[in-house]
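Trainee:
Chains as they are written, first to last, in this note's numbering: chain A, 5 to 535; chain V, 6 to 294.
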């Protein structure tokens with residue numbers, strides 16, 4: 005891979021004095037380890053990488069490797085979209101001095117990641133010391149992701165209360181919302197500071213749905229972890245499961261059969277379809293346009309029923325497997341017919357819905373200029389997926405890091421510059437159209453060919469990334485195996501973790517009654533964020 | 006406006022006829038797994054394949070050569086791994102209406118004794134060893150019955166996500182769509198526990214939701230019903246019990262109805278909700294209890 009050579013030469017020339025460079029198991033990963041004495045240059049190095057290679061910060065992984073080499077390792081993962089490359093900057097952290105300089109001032113998208121690492125590992129990215137993942141009743145000195153913390157420990161509650169930013173002034177008051185919400189949604193706490201109707205400030209406390217997913221996976225066999233991956237965020241069951249399988253396959257240098265890649269792509273698009281139509285319905289419901297919402301939600305239901313017919317599960321569970329897929333969605337004439345029907349009738353129903361919505365001025369009036377996320381803010385916070393694309397971020401892992409069978413397909417990445425609720429709905433509408441066309445292109449490709457390789461033996465002590473462009477945005481998993489080939493460390497990055505901060509920016513100066521529709525237009529996963 | 010009218014007039018009726026007609030799920034649907042105990046040899050292959058230990062094979066500590074095979078539908082995530090491990094004795098049926106009011110009804114067992122050839126032989130399905138019902142429980146049951154008749158006409162539900170993966174929420178939200186249209190049963194989702202008759206709880210109850218769930222339960226006026234939705238809410242599901250999870254709703258608040266599934270399909274949810282209201286037609290087509 006000549007691009008990789010070019011990058012190695014370039015990095016060696018300019019940063020060779022502080023970095024060691026090593027190639028990963030997976031072909032598009034480059035591991036850069038920062039030498040211990042150059043720790044102080046960490047923020048500068050991160051900023052150099054992002055600026056010189058137009059790289060995007062993707063995730064931060066902390067790993068307790070004390071049992072292997074006596075240190076902790078922090079891995080800052082960057083995606084280079086122009087050359088389909090991942091740069092992984094690794095920093096060793098001494099157990100005696102659990103501190104690294106924070107990179108948040110040069111890379112604001114890393115802010116929440118650093119705080120999570122502090123809560124779960126006790127590694128401080130100084131001076132970014134605020135709590136994020138641990139609730140106030142969790143003891144300060146207990147870090148659940150350390151290897152010497154037993155997941156079965158019952159941790160006593162301590163006294164403490166949430167520390168929200170207060171806004172003071174005449175007529176300013178606070179509205180607490182959640183964690184049990186008024187709609188059928190997940191748990192989270194919102195603290196609004198308002199003066200009359202306009203929102204001055206919003207503070208969000210999440211991690212109510214924290215289930216210790218990454219922790220309980222440690223020591224499990226990779227085959228079993230696939231089932232956990234399906235349950236990171238129910239609406240992205242297939243996306244997360246494929247991201248994890250992808251990670252294990254890259255780590256084992258295993259190629260999945262062409263047919264499996266085709267099926268995965270098709271099902272990823274079906275997942276995108278049902279979620280996007282559901283979200284369009286949700287947005288319409290939140291502005292009181294019941295006629296449109298009913299059409300959208302009915303279409304979503306038909307898509308879920310199609311999923312059940314094709315795979316036996318409405319949420320596409322039990323399909324992904326390491327080395328391929330367990331089920332073929334096109335193995336009977338009935339299934340092929342149902343899929344073909346959806347491409348005709350579903351598409352028609354969708355176009356009818358779009359013309360119904362776009363001709364309703366009262367709907368458009370509510371959506372336009374509501375909940376604006378500017379391009380500058382989106383870029384600064386590293387917003388991914390539909391939310392990012394609706395604010396003019398031209399990023400899509402399907403094109404930038406082709407995976408599954410996306411490489412040879414023709415599709416467009418749709419963006420919009422406005423960044424309001426309408427833009428996020430428009431991007432969804434365009435993506436639904438693309439999804440129908442992608443499924444059409446994939447229909448009956450290599451039918452009947454095997455869709456799963458034999459038993460995949462996962463090698464010990466290897467690490468790799470796995471990723472897909474889920475319907476919400478980029479889903480990135482990083483995993484390392486232990487001496488037996490079981491999971492040593494598994495880091496899950498749901499796009500929601502990047503995007504939650506966008507909501508606090510987008511709601512500012514909007515009125516409280518518009519909050520539900522703004523929230524819905526992002527439709528972030530609490531469970532994917534909290535894990 | 007005209008377009009909306011046209012849509013309303015030409016759209017037709019989307020709502021299905023559940024529970025009068027229970028549609029059969031498509032081929033390949035993964036419903037209730039059934040062990041054919043007569044073909045099972047208590048070999049442990051299914052238990053080893055099960056990601057949530059819904060199937061266990063226990064060797065008796067007292068008597069050598071005795072084994073119990075136990076399957077708990079409550080913990081089942083319907084992945085089909087047991088069927089793949091043992092296509093001889095296990096298959097996943099299309100049955101999906103699995104809600105029960107008594108958690109012990111979710112468990113089936115088979116007893117095995119080792120023959121002279123070393124192979125385990127099926128000996129019997131154990132008789133239901135139910136303890137005799139205490140008078141207090143009788144009264145409790147009668148009261149429950151009364152409660153159900155009270156709510157039989159209309160029911161207000163508060164949904165509480167106690168840390169689910171949001172898969173159950175996808176399906177619960179579907180109850181409001183035109184196809185299932187839960188309002189035709191007089192059932193409504195309300196915004197506050199203070200307006201609710203029933204709490205529909207999902208998720209394994211995370212540590213961070215434990216207090217909130219208790220407070221929601223306390224805020225719901227009596228008489229009230231609690232329904233645990235999905236494998237996580239019944240017994241922790243894939244997440245089990247850990248520093249972050251209480252391992253099920255009944256570890257925190259009392260539960261009236263359990264709806265297995267991961268997640269349960271909308272019709273399975275309707276079945277459970279109607280069962281809780283005592284409105285499910287007992288001689289209905291697919292109902293066997």
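In this text, a Cβ means the ideal position worked out from N, Cα and C, and glycines have one as well.
Cutting at 7 Å between CB atoms, please list the residues of its own chain near residue 264 of chain A, excluding the five before and the five after it.
Mentor: 328, 329, 455 and 456
Trainee: Can you tell me which of the three DSSP states residue 130 of chain A falls into?
Mentor: strand
Trainee: Hey, quick one: how far does the alpha helix (DSSP H) through residue 271 of chain V stretch, first residue to last?
Mentor: 271 to 281
Trainee: Would you say residue 250 of chain V lies against chain A (beta-carbon separation less than 8 Å)?
Mentor: yes
Trainee: Reducing DSSP to helix, strand and coil, say where residue 470 of chain A ends up.
Mentor: In the structure shown, residue 470 of chain A falls within a strand segment according to DSSP collapsed to helix, strand and coil.
Trainee: Going by CA-CA distance only, name the one from A:463, A:299 and A:65 that's closest to residue 352 of chain A.
Mentor: Comparing Cα-Cα distances from residue 352 of chain A to each of A:463, A:299 and A:65, the minimum goes to A:299.
Trainee: Going by DSSP in three states, residue 261 of chain V sits in which element: helix, strand or coil?
Mentor: coil
Trainee: Is residue 15 of chain A helix, strand or coil by DSSP?
Mentor: helix
Trainee: With a threshold of 8 Å between beta carbons, is residue 215 of chain A in contact with chain V?
Mentor: Judged by the 8 Å Cβ criterion, residue 215 of chain A is in contact with chain V.
Trainee: Can you pull the chain V neighbours of residue 295 of chain A, defined as C-beta to C-beta under 7 Å?
Mentor: 9, 12 and 13
Trainee: Would you call the region 477 to 491 of chain A and the region 220 to 227 of chain A in contact, with 3 or more CB pairs under 8 Å?
Mentor: yes
Trainee: Thinking C-beta only, is residue 124 of chain A closer than 8 Å to residue 147 of chain A?
Mentor: yes
Trainee: Decide if residue 257 of chain A is buried, meaning its Cβ has at least 16 other Cβ atoms within 10 Å, or exposed.
Mentor: exposed
Trainee: Hey, is residue 3 of chain A's beta-carbon within less than 8 Å of any beta-carbon in chain V?
Mentor: Residue 3 of chain A is absent from the model: chain A starts at 5 and stops at 535.
Trainee: Closest Cβ-Cβ distance between residue 114 of chain V and chain A: below 8 Å?
Mentor: no
Trainee: Distance, Cα to Cα, residue 294 of chain A vs residue 383 of chain A?
Mentor: 35 Å
Trainee: To which residues of the same chain is residue 30 of chain V closer than 8 Å at the C-beta, ignoring the five residues directly before and after it?
Mentor: 36, 99, 101 and 270
Trainee: Hey, would you say residue 168 of chain V sits closer than 8 Å to residue 221 of chain V, going by beta carbons?
Mentor: no
Trainee: Measure from the alpha carbon of residue 19 of chain V to the alpha carbon of each residue in V:183, V:219 and V:241, then state which is nearest.
Mentor: V:183
Trainee: To be precise: take each residue of the region 220 to 240 of chain A, compare its Cβ to all Cβ atoms of chain V, and keep it if any distance is under 7 Å. Which residues remain?
Mentor: Under the 7 Å Cβ criterion, the region 220 to 240 of chain A contributes 220, 228, 231, 232, 235, 236, 237, 238 and 239.
Trainee: Determine the contact status of residue 250 of chain V and residue 216 of chain A, defining contact as a CB-CB distance below 8 Å.
Mentor: Against a cut-off of 8 Å, the Cβ pair of residue 216 of chain A and residue 250 of chain V comes out as a contact.
Trainee: Could you please give the first and the last residue of the uninterrupted beta strand (DSSP E) stretch that includes residue 166 of chain V?
Mentor: 160 to 166
Trainee: Would you tell me roughly how many angstroms separate the C-alpha atoms of residue 74 of chain V and residue 233 of chain A, rounded to the nearest one?
Mentor: 28 Å
Trainee: Distance, Cα to Cα, residue 3 of chain A vs residue 115 of chain A?
Mentor: With chain A represented from 5 up to 535, any question about residue 3 of chain A goes unanswered, as that position is not in the structure.
Trainee: Can you find a C-beta in chain V that's less than 8 Å from the C-beta of residue 159 of chain A?
Mentor: yes
Trainee: Residues of chain A with CB under 9 Å from residue 166 of chain V, in chain order?
Mentor: 183, 184, 185, 188, 189, 190, 191, 212, 213, 530 and 531
Trainee: With distance defined between alpha-carbon atoms, name the residue in A:203, A:169 and A:521 nearest to residue 4 of chain A.
Mentor: For residue 4 of chain A there is no data in the structure shown, the boundaries of chain A being 5 and 535.
Trainee: What in chain V is Cβ-close to residue 156 of chain A, meaning under 8 Å?
Mentor: 246, 247 and 248
Trainee: With three or more C-beta pairs closer than 8 Å as the rule, is the region 235 to 251 of chain A touching the region 418 to 426 of chain A?
Mentor: no
Trainee: What's the call for residue 439 of chain A, buried or exposed, on a 16-neighbour Cβ count within 10 Å?
Mentor: buried
Trainee: At which residue ranges does the region 175 to 228 of chain V contain complete alpha helix (DSSP H) runs of 4 or more residues, listed in the order of the chain?
Mentor: 212 to 224
Trainee: Which residues in the same chain as residue 138 of chain V place their Cβ atom closer than 6 Å to its Cβ, once the five residues preceding and following it in sequence are excluded?
Mentor: Since pLDDT at residue 138 of chain V reaches only 46, below the 50 mark, its modelled position is unreliable, and the value read off the structure follows with that caveat. Same-chain partners within the cutoff: there are none.
Trainee: Taking beta-carbon pairs under 7 Å, can you tell me which members of the region 336 to 368 of chain A lie near chain V?
Mentor: 360 and 363
Trainee: Thinking residue 219 of chain V and residue 203 of chain V are a contact (beta carbons under 8 Å), I'd like their distance in whole angstroms, please.
Mentor: Residue 219 of chain V to residue 203 of chain V, Cβ: 17 Å. No contact.
Trainee: Quick one: which residues of the region 315 to 327 of chain A get their C-beta closer than 9 Å to a C-beta of chain V? List them in chain order.
Mentor: 315, 316, 317, 318, 319, 321 and 322
Trainee: Counting only beta-carbon separations shorter than 8 Å, does residue 226 of chain V have a partner in chain A?
Mentor: No, residue 226 of chain V does not count as interfacial toward chain A.
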